[in-house]
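Protein chains in written order, with this note's numbering: chain F, 120 to 303; chain G, 473 to 1133.
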């Protein structure tokens, strides 16, 4: 247990830190988009890049599994024009999406991702919970698999002395390549 | 000719059934002659199915519209070259293709089965032949490609226009053969389990076939992406379509398997886990077939209105439940030979890699079934499409790339923190420098910065290892650099082949990150002579020539492209309208360089002579397509048979040899 905390905990912490960074990166990504969308626009023009982003978030109701960005059917064209009209009218990304997803128009099925509210939160939470649980379970299983009989040697704890030895092993291996090292 | 094919189909069903029964009886009763005949039946099956396949191909080439299947999937106006491959464009014919491909792979696998698997080979044969029986019976009784029409029709309905593309020759056969081929490592594992030899006997065959099938699926997926990129006309290559996912998930599970199997090969650990992984991959492949043929979720790939859904659902159920029962029956056989030495070791890194990969597979599976759950429990029609998968799988994939850089630096058994730190110094510096440069030049997308920095980390760690190894060889044996490098790779093919594959994965990562975050898109309508500027490019629309065919009208457009004011190229994107299908197919014109693609595709041809264009500048996509050959090369290196094929389990006493590995 002691050795686990001293040798492994830093490594785990490293992994978690990286995952945390990634999480922040994702959040940052989304909020940066949101800021862009909310930037007040006096002129009746719109941000074409933002419109394209929204195109990729709306399903084409008459084509299987395609967003309106991907197809040239008349309905998709019409919806793309609608997106630009709403944006030019000052709507934010959220408002545009909500406009399309309103029950009297296309309903929530028109959104390419499940809404992050109510029952549909499950869609977003479950993958994260499962991955974290799997990683946790995996680490616990590995710990249980570790030797408990104390036969594991702590010999390689003098790293400076180890290098010549490793070099020797390297040399040895290079000389016996055909017989010994044919598997990974 | 078609009658011959139909007869062959029934003969094949009889052969596969015989082979299954003879294998089981022969093994239970201990009758070697029966086992021998079962194996030979599996070889004859290949010939019979080859004849059946060729007779179907011949029916397409001669356009024999007395066959319902031929009439439904070809017509007279179809270009001749595509008649050779149209036979797997539909449900029935693709089943025949799968049955043939699986029989051929099975025969090779049975023929080349390593000595260690021989005692239980009969169970492996029985498993493979039972799977064949399923496909053949479905064809015979429910979806016969040789079904005749009551009277022949003068012309067929033609093939979906999107399928008349060069990619048709490679993408569907590679993916279908790959998905069916997962049966082979699975059958070796299951055969070992049933026969009570489930320690390490099956893993050489399991690994070789696992890696080979992995590469086949990877090529199929890349080819599919390339196809989508050139023909679907929206400028992307992957959109998490339900059927894309269906092929992606088993491949991801197989990725976990080909890593994890090395732990068993080297250390005798993870025995149970490997059996679980190959079962998961097989189950996901069955799930994919179910989704593809009558699945409940709409997809651009679905084989029309297939009524076979319930049969494949049944197959999926049996294919998951029965192996699971066998697994628990033989549970005690699969104890690990070794204990884990340290949490900071290659073994542990492989397990984390496996869990992340399974996490991706799970999240993808979850996305494909969630709409059904939502319909059932919330009575709400919900779509789960690309944005969901990008956001959920993106971070997991980046974590995997990180692990790809760190994992190989960890030795087997027990890493030493200080030497790890030293090994990480150069790759870490490469990552930081890359991130720094990107931030300085104005790259602000966090995802992209992290992605590129991680790519630098992995590349640096691989290249550093190669350099170190080559220098060591030069010092110890006196080889020059080139020879030293080649000998370094041949000395440990699985390891260095794996590195080459890792480089290919990096290339794909570059393309995906580049296109996803820095692709520029513009939709514009131009009259002849008008031009448009996008980025530092300018495109002039010159004219369109119209070619009328019996079944389609083809618009060939000419555009001139300038970069920074200098003339670059004349390009010819095409758009073809197919009245029979009331749909258009497009062929993008792409000028590809390692830095960026200039991509243009016509989206509409208006009556007044104006043409709608979609123009994209997609950075780094070139690397994705180059990754394909690199990936194949790495796989060939990893699988190239070594002179000494005897496997030596590394036991604890000799393990220090592995420490330098």
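Beta carbons are placed, not taken as given, at the ideal position from N, Cα and C, and that holds for glycine.
Checklist entry - Counting Cβ pairs closer than 8 Å, one from the segment 730-741 of chain G and one from the segment 697-707 of chain G, do we hit at least three? => result no
Item to check | For residue 1023(G) and residue 541(G), the rounded distance between their alpha carbons | outcome: 19 Å
Checklist entry - How would you list, in chain order, the residues of chain F whose beta-carbon sits under 9 Å from the beta-carbon of residue 841(G)? => result Correct list: empty, because the minimum Cβ distance to chain F is about 10 Å.
Next on the checklist: Tell me the rounded alpha-carbon separation between residue 971(G) and residue 934(G).
Outcome noted: Each residue's Cα considered, the two are about 7 Å apart.
Checklist entry - Looking only at DSSP bridge pairs, what is residue 1084(G) linked to? => result 997(G) and 1076(G)
Next on the checklist: Once the 5 residues before and after residue 1059(G) are set aside, which same chain residues still bring their CB inside 7 Å of it?
Outcome noted: 702, 703, 1045 and 1046
Checklist entry - Do residue 833(G) and residue 756(G) have their C-beta atoms closer together than 8 Å? => result yes
Item to check | Length at least 3, wholly inside the segment 595-623 of chain G: the beta strand (DSSP E) runs in chain order | outcome: none
Next on the checklist: Just to confirm, is the Cβ distance from residue 461(G) to residue 685(G) under 8 Å?
Outcome noted: Any property of residue 461(G) remains undetermined from this structure, which presents chain G solely from 473 to 1133.
Next on the checklist: Checking the sheet assignment: what are the DSSP bridge partners for residue 1035(G)?
Outcome noted: Partner(s): 1009(G) and 1038(G).
Item to check | residue 505(G) beta carbon near the ligand FMN (any heavy atom closer than 7 Å) | outcome: Looking for the ligand FMN in the displayed structure turns up nothing, as the structure carries no ligands at all.
Checklist entry - Comparing the C-beta of residue 857(G) with each C-beta of chain F, is any distance below 8 Å? => result yes
Item to check | Cβ-based neighbour list, residue 1006(G), same chain, cut-off 6 Å, excluding 5 preceding and 5 following | outcome: 994 and 1087
Checklist entry - Does the beta-carbon of residue 745(G) have 16 or more other beta-carbons within 10 angstroms, so that it is buried, or is it exposed? => result buried
Item to check | Close Cβ partners of residue 483(G) (< 6 Å) along its chain, the five nearest in sequence each way excluded | outcome: 520
Next on the checklist: Any contact between the segment 1067-1078 of chain G and the segment 1026-1040 of chain G? By contact I mean 3 or more CB pairs, one from each, below 8 Å.
Outcome noted: yes
Checklist entry - Between residue 204(F) and chain G, is there a C-beta pair that is closer than 8 Å? => result no
Checklist entry - If the cut is a Cβ gap below 7 Å, which residues of chain F does residue 1000(G) touch? => result Ordered by position in chain F, no residue passes the 7 Å Cβ test against residue 1000(G), which lies about 21 Å from the chain.
Checklist entry - For residue 491(G), which of helix, strand or coil comes out of DSSP? => result Look at residue 491(G) here: in three-state DSSP terms it is helix.
Item to check | Backbone CA spacing between residue 941(G) and residue 1096(G) [nearest angstrom] | outcome: 28 Å
Next on the checklist: Please identify the residue among 1011(G), 991(G) and 992(G) whose C-alpha is closest to the C-alpha of residue 999(G).
Outcome noted: 1011(G)
Checklist entry - According to DSSP, what are the bridge partners of residue 1089(G)? => result 992(G) and 1070(G)
Checklist entry - Hey, how far is the Cα of residue 561(G) from the Cα of residue 204(F)? => result Whole-angstrom Cα-Cα distance: 41 Å.
Item to check | Those runs of the alpha helix (DSSP H) which lie wholly inside the segment 744-825 of chain G and span at least 4 residues | outcome: 781-801
Item to check | Within 8 Å of chain F by C-beta, residues of the segment 707-722 of chain G in sequence order | outcome: Of all residues in the segment 707-722 of chain G, 708, 711, 713 and 714 have a Cβ within less than 8 Å of some Cβ in chain F.
Checklist entry - Under 8 Å Cβ-Cβ, which residues of chain G neighbour residue 265(F)? => result 811, 812, 813, 814 and 815
Item to check | Chain-ordered residues of the segment 864-875 of chain G with a beta carbon less than 8 Å from chain F | outcome: So the close ones are 864, 866, 867, 868, 870, 871 and 874.
Next on the checklist: Can you confirm whether residue 235(F), when its beta carbon is compared against all beta carbons of chain G, has any partner nearer than 8 Å?
Outcome noted: So no, residue 235(F) is outside the interface.
Next on the checklist: To the nearest angstrom, how far is the alpha carbon of residue 477(G) from that of residue 489(G)?
Outcome noted: 18 Å
Checklist entry - Under 8 Å, do residue 531(G) and residue 539(G) count as touching if we go by C-beta distance? => result yes
Checklist entry - Taking the beta strand (DSSP E) that residue 1064(G) falls in, what are its first and last residues? => result 1061-1064
Item to check | residue 74(F) burial status per 10 Å Cβ neighbour count (16 or more: buried) | outcome: There is no way to answer for residue 74(F), as the model of chain F reaches only from 120 to 303.
Checklist entry - Would you call residue 810(G) buried or exposed, if buried means 16 or more other Cβ atoms sit within 10 Å of its Cβ? => result buried
Item to check | residue 1075(G): contacting residues in chain F (beta-carbon distance under 8 Å) | outcome: Ordered by position in chain F, the residues that pass the 8 Å Cβ test against residue 1075(G) are 191.
Checklist entry - Would the beta-carbon of residue 750(G) fall within 8 Å of that of residue 678(G)? => result yes
Next on the checklist: For a test of the three-state rule: what should DSSP assign to residue 1019(G), helix, strand or coil?
Outcome noted: DSSP, read as helix, strand or coil, puts residue 1019(G) in strand.
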